[in-house]
Every structure is written in structure tokens, then in C-alpha cells.
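The structure appears right after this line, and notes come after that.
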Amino acid sequence: MRPKIKRHICTEKFAKCSLFKPNGIPAKELIKVSIESDELEAIRLVDIEGFSQQDAAKKMQVSRQTFANILKKSRFKISTALINGHALVMPEELVVSEPKGQTL
Numbered sequence: 002m003r004p005k006i007k008r009h010i011c012t013e014k015f016a017k018c019s020l021f022k023p024n025g026i027p028a029k030e031l032i033k034v035s036i037e038s039d040e041l042e043a044i045r046l047v048d049i050e051g052f053s054q055q056d057a058a059k060k061m062q063v064s065r066q067t068f069a070n071i072l073k074k075s076r077f078k079i080s081t082a083l084i085n086g087h088a089l090v091m092p093e094e095l096v097v098s099e100p101k102g103q104t105l
């Protein structure tokens, strides 16, 4: 497998949490689905910011086909987690712990 090329990702726009899961079920009992930072960025650019795949690919500095593959994979992971009640694990590099007592 070829090494992954570094992607341009805007990390300041992501939630500061490490896990999304169904309410009322302990995380240790759930199957965990991990999403990569480039997959989360692809979803953000197209589904939230409204970029076309071509423009979003330019922002991430990848080819349009690579972007389409990343987007397809991320949508599969998110829909699988939602439909099957799995936990969605955020990329570690995006999780920033807030100092205790600080409110946003």
C-alpha cells in the first residue's frame, strides 16, 4: 500500500470531542467506527460548506478522483455508524481538550 500524502485540513472547524455514540449505551459495549481527518474534512467541505467536489479537492490539494474516494468512504462510515448504532470515533489529532471549568 502506498503511503498517504498529507492533506490540507482545516482542524479549527471540528467539534472538540473524541466520540459520537447512541445515547444510553456505554461506549465499551459499542462497535467503534473510526473516521480519518481527511474523511471528516471532505464531509465538511461538501455537505456543510457547499463546495463542489472539484473545488473541495483543490482546497484539500488532492485530485478530484481521490477526493471522491475519500468522500464515499466517509459517507459509508458515518451512515454505517448511524444506521447500525455504532460509535463514531473522531481522529485523535482533532481532539483538543478544553481546560477544566472553561465554557465555550
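17 is the number that my numbering gives to position 16 of the sequence shown; each next residue is one higher, with no gaps.
Cβ coordinates follow ideal geometry from the N, Cα and C atoms, glycine included.
The structure displayed is predicted, hence computed values, not measured ones.
Item, Value
"For S38, report the span of its alpha helix (DSSP H) as first-last.", "S38 to I44"
"Cα separation between K29 and G86?", "13 Å"
"Starting from K59 and walking both ways along the alpha helix (DSSP H), at which residues does that stretch end?", "Q54 to M61"
"Which residues bound the alpha helix (DSSP H) around L72?", "R65 to N85"
"If you pair each beta-carbon of the stretch 39 to 53 with each one of the stretch 62 to 71, do three or more pairs fall below 8 Å?", "yes"
"Taking the beta carbon of K78 as the centre, do at least 16 other beta carbons fall within 10 Å, making it buried, or is it exposed?", "buried"
"Please work out which residues of its chain come closer than 6 Å, Cβ to Cβ, to F21, disregarding the five sequence neighbours upstream and downstream, and give them in chain order.", "L89"
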